[in-house]
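A.B. asks: One structure is given below, represented as structure tokens, and several questions about it will come after.
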Ligand code: UD1
């Protein structure tokens, strides 16, 4: 019997832990899983609603760390997580993704000699100005089991000297949640509530510090979205930092005078219903690049790099950068019916069964 602490902290963690926790609970003779929520994200719309939509049991521990600078937030998570590990003495701590909670909890375990499994290991944007890239590299370097979503990630890890026996290509647990929720999401009335017809609107999300923390870059992106919105409504569920910066930089009027529709962040099922019926998605999110690939929805990634190249090689993703001319050109080509990406394949092992393989892997290596 393995006692596992499953760590969640920020919005993109919830859909990764949900299927793992469910599978571990199903195999009750093999696993005792506990959920630790660091509280990195704490708004109802950024956290609680995901527990409801994804059927995640209430956390066994809530560390309530909240927002702060990277150093303070990481330190607070470490300070609050250490006593939990000392008390529970888990066989493994499982961390997912690349947020501050991921590295903070992994670092605590590495010093206490508790084994760490990292889900979504090996992804690399090769852009060290991105906080997530530092979190990925450091977490991978101290993890005992590196569970990957694609073979390029295995290759990155091998190149960094990780022994092959620590790496296991298990597929994409994010897609487990997606397939599990597709039918449920059909009950969402989000499209009707916003007056949208399938395939006649675009969806955008932006929250990367490099895109929304600098007025010039952000304005450029809004200009591109505004031009796209002359042709079809652009629905923009905005992350709290994005919303705050729209107010801070005085962009509210610019948005209001365009066809961009700024709305509050959506829950998992409403958001799935929304993007699954979109003509086009424009985003700087990592997860959304994968979700659009799994569903065959055209996606333009408004970044200069991606840690998820498989979504470009096999899926519908196109890396367009942050130049407004390039973004609008690519968007208009899609709207005129051109295929910007020739690909529409679902990558290997993005089949809804990654959590099963993760559990098998933990039992085998133990
Ligand atoms: C974090 C992750 C990022 C992920 C994103 C998804 C890191 C380094 N970054 O970025 O990889 O893509 O989550 O959302 O961990 N805020 C609220 N309410 C909340 C959470 C945040 O208002 O529930 C506001 C606060 O003003 C906070 C800011 O958003 O200061 C940023 O939150 P933080 O968790 O530090 O980073 P994210 O930008 O959300």
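In the numbering used here, the protein residues as written are 1459 to 1824.
Backbone N, C-alpha and C define an ideal beta-carbon position, used for all residues, glycine too.
Here's a check: name, in chain order, each residue in its chain whose Cβ is nearer than 7 Å to the Cβ of residue 1814, leaving out the five neighbours to either side.
C.D. replies: For the purposes of this step, residue 1814 is identified with residue 356 of the chain shown, where counting begins at 1. If we look at residue 1814 and ignore the five residues flanking it on each side, its Cβ neighbours are 1481.
A.B. asks: Which residue or residues does DSSP assign as beta-bridge partners of residue 1777?
C.D. replies: By 1-based counting over the chain shown, the position of residue 1777 is 319. DSSP output for residue 1777 lists 1759 as bridge partner(s).
A.B. asks: In whole angstroms, what separates the C-alpha of residue 1468 from that of residue 1733?
C.D. replies: Taking the chain shown and counting its residues from 1, the one referred to as residue 1468 is at position 10. Taking the chain shown and counting its residues from 1, the one referred to as residue 1733 is at position 275. If you take the alpha carbons of residue 1468 and residue 1733, they lie about 20 Å apart.
A.B. asks: Hey, would you say the C-beta of residue 1801 is under 7 Å away from at least one heavy atom of the ligand UD1?
C.D. replies: Locating residue 1801 in the chain shown gives position 343, where the first residue counts as 1. Checking the Cβ of residue 1801 against the ligand UD1 gives no.
A.B. asks: Would you say residue 1773 and residue 1801 are within 8 Å of each other, going by their C-beta atoms?
C.D. replies: In the chain shown, the residue the question calls residue 1773 occupies position 315. In the chain shown, the residue the question calls residue 1801 occupies position 343. Taking 8 Å as the Cβ cut-off, residue 1773 and residue 1801 qualify as a contacting pair.
A.B. asks: Flag this pair as yes or no: are the beta carbons of residue 1765 and residue 1630 separated by less than 8 Å?
C.D. replies: Along the chain shown, read from residue 1 onward, the residue named residue 1765 stands at position 307. Along the chain shown, read from residue 1 onward, the residue named residue 1630 stands at position 172. No.
A.B. asks: Here's the rule I'm using: 16 or more other beta-carbon atoms within 10 Å means buried, otherwise exposed. How should residue 1691 be labelled?
C.D. replies: The sequence position of residue 1691 within the chain shown is 233, counting from 1. Its Cβ being crowded by 16 or more others within 10 Å, residue 1691 is buried.
A.B. asks: Can you give the Cα-Cα distance for residue 1824 and residue 1559, rounded to whole angstroms?
C.D. replies: Within the chain shown, the letter at position 366 stands for residue 1824. Within the chain shown, the letter at position 101 stands for residue 1559. For residue 1824 and residue 1559, the distance between alpha carbons rounds to 24 Å.
A.B. asks: So, residue 1576 versus residue 1564, is the Cβ gap smaller than 8 Å?
C.D. replies: The count along the chain shown starts at 1 and reaches residue 1576 at position 118. The count along the chain shown starts at 1 and reaches residue 1564 at position 106. Contact: yes.
A.B. asks: Would you tell me roughly how many angstroms separate the C-alpha atoms of residue 1569 and residue 1711, rounded to the nearest one?
C.D. replies: Along the chain shown, read from residue 1 onward, the residue named residue 1569 stands at position 111. Along the chain shown, read from residue 1 onward, the residue named residue 1711 stands at position 253. Roughly 50 Å between the two C-alpha positions.
A.B. asks: Whose C-beta lies closer than 7 Å to the C-beta of residue 1524 among residues of the same chain, with five residues either side of it excluded?
C.D. replies: Numbered from its first residue, the chain shown carries residue 1524 at position 66. Excluding sequence neighbours, residue 1524 sits near 1497, 1500.
A.B. asks: What is the rounded straight-line gap between the Cα of residue 1513 and the Cα of residue 1506?
C.D. replies: Start at 1 with the first residue of the chain shown, and residue 1513 comes out as number 55. Start at 1 with the first residue of the chain shown, and residue 1506 comes out as number 48. Spanning the two alpha carbons is a distance of roughly 11 Å.
A.B. asks: Measuring alpha carbon to alpha carbon, tell me which residue in 1526, 1492, 1503, 1530 is nearest residue 1520.
C.D. replies: Translated into positions along the chain shown, residue 1520 becomes position 62. Comparing Cα-Cα distances from residue 1520 to each of 1526, 1492, 1503, 1530, the minimum goes to 1492.
A.B. asks: How is the beta strand (DSSP E) around residue 1797 delimited, first residue to last?
C.D. replies: In the chain shown, counting from the first residue as 1, residue 1797 sits at position 339. Premise fails: residue 1797 is in no beta strand (DSSP E) and is neither H nor E.
A.B. asks: Going by other Cβ atoms of all chains shown within 10 Å of its Cβ, with 16 needed for buried, is residue 1470 buried or exposed?
C.D. replies: Looking up residue 1470 in the chain shown gives position 12. So residue 1470 ends up on the buried side.
A.B. asks: For the pair the stretch 1794 to 1811 and the stretch 1677 to 1694, tell me if three or more CB-CB distances fall below 8 Å.
C.D. replies: No, they do not touch.
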